[in-house]
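See structure below.
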Amino acid sequence: MPDLSIEVTGFGTIPAYYSPAQGVDGPAPGVVVIHEAFGLTDAMREAADHLAARGYNAVAPDLMSYAGSARCLVAIARSMNSGEGRVYDEIHAARQWIAEREDSTGRVGIAGFCLGGAFAMLMATQGFEASAAMYGQLPQRLESVFDGACPVVASYGGKDRSLRGAAAKLERALSAAGVEHDVKEYPDAGHSFMTHSEKDAPAWLRPVSRRVLHVGYVDTAAEDSWARIDALFSTALRG
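Read in order, the letters of the sequence shown are residues 1 to 239 in UniProt numbering.
Listed below in structure tokens is the structure:
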């Protein structure tokens, strides 16, 4: 479907991509898809389509639309550390937009990739019924950030040197908080193994992405991760 606009109180509108649930008779649960650091790319639209194919109304807001990408990334990074800022208002607006649709059950999950994976974890206590975090940076205050969180499913690549040990740390934090979870590290995968987003990186970053992050789609890991997401989302959003 074509891109649309979502109203964000106090900030005007932001563009977003919407992909309606397929194969569903009646209202469907929703999922807010949070993009990688490269913005709302075709790879992120494909991720929303993937969720729609599994029976979820998926909306992907463009969190980097209001300024140049560098300025947006700086602001988003600050918000990640501070726990406040415009990006949270935009995510909440996307959640409200999809929850209030006539074809929605009102139950909404969140799924984030890379940068979005970090926010999927941060938003797990912010009104969502389920969270899927793909190779996201771990939140600060890990010992308390998941108190009262919704169920979380998370996936990491063992070859991703930037997030070495993250899966084990997240597993311990979610267990300590008593949060239902499914955390898995795929030893043969690197960063961004679930999408074809390696082409979205600027040319100067690609050598580093290959050597340090081992960026690239890995079909076996991606398929297993999507199946785990659907299993947890089916229980939390449809059950």
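In this text, a Cβ means the ideal position worked out from N, Cα and C, and glycines have one as well.
Ordered along the chain, which non-local residues of its own chain (more than five positions away) have a Cβ less than 6 angstroms from that of residue i?
i	result
G85	S79
D103	P27
L115	E36 and A37
S19	A48, D49, A52 and A58
I76	V87
G106	A99
L229	It should be pointed out that residue 229 corresponds to Ile in this sequence rather than to Leu. A132 and V153.
V218	A189 and F193
G117	A133, M134, Y135 and G136
M44	H35 and A60
D147	A177
Report the partner residues of residue i according to the DSSP bridge assignment.
i	result
V59	Y18 and V32
T13	E7
G165	G165 pairs with nothing; no bridge assigned.
V108	G30
Counting only the same chain and skipping the five closest in sequence on each side, list residues whose C-beta sits under 7 angstroms from that of residue i.
i	result
V8	I14, D89, E90 and A93
H50	W226
M123	I91, I110 and S131
R238	P29
V212	R161 and S162
A149	A124, T125, A177 and V179
G127	R95
R101	N57
A120	I34, I110, A111, G112, S131, A132, A133 and G136
E21	In the sequence on display, residue 21 carries Ala and not Glu. If we look at A21 and ignore the five residues flanking it on each side, its Cβ neighbours are A28, A52, G55, Y56 and N57.
So, at 8 angstroms on beta carbons, what are the nonlocal neighbours of residue i in its own chain, with the 5 sequence-adjacent residues on each side left out?
i	result
A10	Residue identity differs from the one stated: residue 10 is Gly in this sequence, not Ala. Correct list, in chain order: D89.
S5	T13, I14, P15 and A16
Going by other Cβ atoms of all chains shown within 10 Å of its Cβ, with 16 needed for buried, is residue i buried or exposed?
i	result
E223	exposed
E129	buried
E185	buried
S209	buried
P139	buried
R172	exposed
K169	exposed
S155	buried
S175	exposed
T235	exposed
K159	buried
V183	buried
Complete runs of the alpha helix (DSSP H) confined to the region 182-238 [at least 4 residues]: Counting only runs of 4 or more, we get 219-233.
Whole alpha helix (DSSP H) elements within the region 114-163, 4-residue minimum: List check, alpha helix (DSSP H) in window: 115-122.
Cβ contact (3+ pairs, closer than 8 angstroms) linking the region 139-146 and the region 155-168: Flag = no, the region 139-146 and the region 155-168 do not touch.
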